[in-house]
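To start, the structure itself, in structure tokens.
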Amino acid sequence: MSPRAKLAVVVVAVLLLASGSLGYVLHSAHRGPQQAAAEGSFTLEGPGLYFRDTATGRIARQSLDAPRGPRTGGGPVCERFYAAGDTAVCLRREPGVPPRAYAVILDRRLHEVRRIAVPGIPNRARVSASGRMLSWTVFAVGDSYATTAFSTRTSILDLRTGYLIKSMEEIPLTLGGARHHAPDVNYWGVTFARDDNRFYATVSTKGRTYLVEGNMADWSAKALRENAECPSLSPDNTRIAFKKKVSDDPAAPWRLYVLDLATLSEHPLAERHSVDDQAAWLDDRTVAYALPGGAGRASDVWTAPADGSGAPRLVAEGASSPVAVR
Numbered sequence: 001m002s003p004r005a006k007l008a009v010v011v012v013a014v015l016l017l018a019s020g021s022l023g024y025v026l027h028s029a030h031r032g033p034q035q036a037a038a039e040g041s042f043t044l045e046g047p048g049l050y051f052r053d054t055a056t057g058r059i060a061r062q063s064l065d066a067p068r069g070p071r072t073g074g075g076p077v078c079e080r081f082y083a084a085g086d087t088a089v090c091l092r093r094e095p096g097v098p099p100r101a102y103a104v105i106l107d108r109r110l111h112e113v114r115r116i117a118v119p120g121i122p123n124r125a126r127v128s129a130s131g132r133m134l135s136w137t138v139f140a141v142g143d144s145y146a147t148t149a150f151s152t153r154t155s156i157l158d159l160r161t162g163y164l165i166k167s168m169e170e171i172p173l174t175l176g177g178a179r180h181h182a183p184d185v186n187y188w189g190v191t192f193a194r195d196d197n198r199f200y201a202t203v204s205t206k207g208r209t210y211l212v213e214g215n216m217a218d219w220s221a222k223a224l225r226e227n228a229e230c231p232s233l234s235p236d237n238t239r240i241a242f243k244k245k246v247s248d249d250p251a252a253p254w255r256l257y258v259l260d261l262a263t264l265s266e267h268p269l270a271e272r273h274s275v276d277d278q279a280a281w282l283d284d285r286t287v288a289y290a291l292p293g294g295a296g297r298a299s300d301v302w303t304a305p306a307d308g309s310g311a312p313r314l315v316a317e318g319a320s321s322p323v324a325v326r
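According to the UniProt record's numbering, the sequence shown is numbered sequentially starting from 1.
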């Protein structure tokens, strides 16, 4: 075979391999969202504790009255999930060139109604009690709140108007009674009040974190106190569960606390392990959260009484991202 013929054979082989690989990638990217959708029988119609099954990556459900009881699978594939009213938000990474992440908005039957590309690693998600207001946080740089080398982007979506705030960073911030401007301002972990106007979030700046109260109507935020991360507003809107930094040990820096909004007094929960999660209220008396799992599991869901009494209780093995649907 002449050198020119050999070259032609090599070129054809390379083209065939490239087209086959591209076809596989495109096929995987095409089938990803379909495989990631919820099965037809899995909806939000039934009350229960919904969570991410870490073995399958899909959302599962079990009875609120049967901790560690049988679970029903078949929900959508999500890395973070939350639901309220008739709405759910599912943060998901999907294959592609390059891989992409999305905030997928779902209705009560878990049918997709909107999809928004998100520039980072899915991390936090919340829906207001009415189902109207949604928020999500992604890591833009790094992958841990335990270091200073991270950057987040937090978005807010109003489903009634369709208006999307892609990043909260430009919200006017009042800190210590004065308007605060700094290039390092970073927001994460939004939680909404029942009026769909007031919200709470974490802001970090100058190496410190603060709990802020925000107002959607006039688009403003003010710091309420220092050292409060990943807030979660109670169903009665009177208290906030949050993680407080109590140690410089990077392996165990936080502890869960509850803050009374009327008095700004706080108390720790019975859970003494470090919790790196945005807790979820199952009702006005109980807080749920994820911890690293036992027996090699990625994580488990636990609960603790919100008043600081009692003891933690394991409610779902191999689970994360809990939310109560009633």
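Cβ coordinates follow ideal geometry from the N, Cα and C atoms, glycine included.
Buried versus exposed call for residue i [16 or more other C-beta atoms within 10 Å across all chains shown]
i, result
"Gly46", "exposed"
"Tyr163", "exposed"
"Val12", "Reliability fails at Val12, whose pLDDT of 35 lies under 50, so the model's placement of it is uncertain and the value that follows must be treated cautiously. Exposed, because fewer than 16 other Cβ atoms sit within 10 Å of the Cβ of Val12."
"Gln35", "exposed"
"Val97", "exposed"
"residue 328", "With the chain covering only 1 through 326, there is no way to say anything about residue 328."
"Ser234", "buried"
"Leu259", "buried"
"Gly310", "exposed"
"Ser321", "buried"
"residue 327", "No answer is possible for residue 327: it lies beyond the span of the chain, which begins at 1 and ends at 326."
"Asp300", "buried"
"Gly106", "It should be pointed out that residue 106 corresponds to Leu in this sequence rather than to Gly. Buried, by the Cβ-count rule."
"Gly75", "buried"
"Gly73", "exposed"
"Pro250", "exposed"
"Thr263", "exposed"
"Ala324", "buried"
"Ala84", "buried"
"Ala319", "buried"
Bridge-paired residues (DSSP) for residue i
i, result
"Trp188", "Thr202"
"Val118", "Ala101"
"Met168", "Looking at the DSSP assignment, Met168 forms no beta bridge with any residue, so it has no partner."
"Thr238", "None, per the DSSP bridge assignment."
"Asp53", "Ala319"
"Cys90", "Phe81 and Val104"
"Thr161", "Bridge partners of Thr161: none, in fact."
"Ser135", "Arg126 and Ile156"
"Leu64", "DSSP, once it has assigned bridges, lists no residue as partnering Leu64."
Residue i vs residue j beta-carbon contact at 8 Å
i, j, result
"residue 328", "Thr154", "Only positions 1 to 326 of the chain appear in the structure, and residue 328 is not among them; the question remains open."
"Val190", "Ala201", "yes"
"Trp302", "Pro292", "no"
"Leu256", "Ala228", "no"
"Ala103", "Val113", "no"
"Ala221", "Pro172", "yes"
"Ala316", "Phe81", "no"
"Val287", "Ala270", "no"
"Cys230", "Arg124", "yes"
"Leu64", "Leu44", "no"
"Ser232", "Trp254", "no"
"Arg208", "Glu226", "yes"
"Ala241", "Trp188", "no"
"Leu110", "Phe42", "yes"
"Val127", "Thr87", "yes"
Rounded C-alpha distance that separates residue i from residue j
i, j, result
"Lys244", "Ala223", "15 Å"
"Tyr289", "Arg326", "18 Å"
"Pro70", "Gln62", "6 Å"
"Ser28", "Pro99", "Below a pLDDT of 50, predicted positions are generally treated as unreliable, and Ser28, at 37, falls in that range; no measurement from the model is reported."
"Lys206", "Asn186", "10 Å"
"Asn215", "Leu261", "16 Å"
"Glu266", "Asp284", "16 Å"
"Arg58", "Val77", "4 Å"
"Phe192", "Ile156", "10 Å"
"Leu298", "Met168", "The question names Leu, yet the displayed sequence has Ala at residue 298. Cα-Cα distance, rounded: 31 Å."
"Gln278", "Ile121", "16 Å"
"Arg93", "Arg198", "30 Å"
"Ser247", "Arg272", "12 Å"
"Pro268", "Leu314", "18 Å"
"Val138", "Val203", "14 Å"
"Ala37", "Ala101", "15 Å"
"Glu213", "Ala295", "40 Å"
"Pro33", "Arg132", "Below a pLDDT of 50, predicted positions are generally treated as unreliable, and Pro33, at 44, falls in that range; no measurement from the model is reported."
"Ala306", "Asp236", "13 Å"
"His180", "Glu170", "11 Å"
"Arg194", "Ala217", "14 Å"
"Asp158", "Thr56", "31 Å"
Range of the contiguous beta strand (DSSP E) that encloses residue i
i, result
"Gln278", "Unbroken run through Gln278: none, as it is neither H nor E."
"Trp254", "Trp254 to Asp260"
"Ser130", "Per DSSP, Ser130 belongs to no beta strand (DSSP E) and is neither H nor E."
"Arg313", "Arg313 to Ala316"
"Asp158", "Ser151 to Asp158"
"Val325", "Ala319 to Val325"
"Asp300", "Ser299 to Pro305"
"Arg285", "From DSSP, Arg285 is part of no beta strand (DSSP E); its letter is neither H nor E."
"Gly214", "Arg208 to Asn215"
"Pro268", "Glu266 to Pro268"
Closer than 7 Å: residue i CB and nearest the ligand SAH heavy atom
i, result
"Ile171", "The model depicted lacks the ligand SAH and carries no ligand whatsoever."
Boundaries of the alpha helix (DSSP H) in which residue i is found, first to last residue
i, result
"Ala36", "Pro3 to Ala36"
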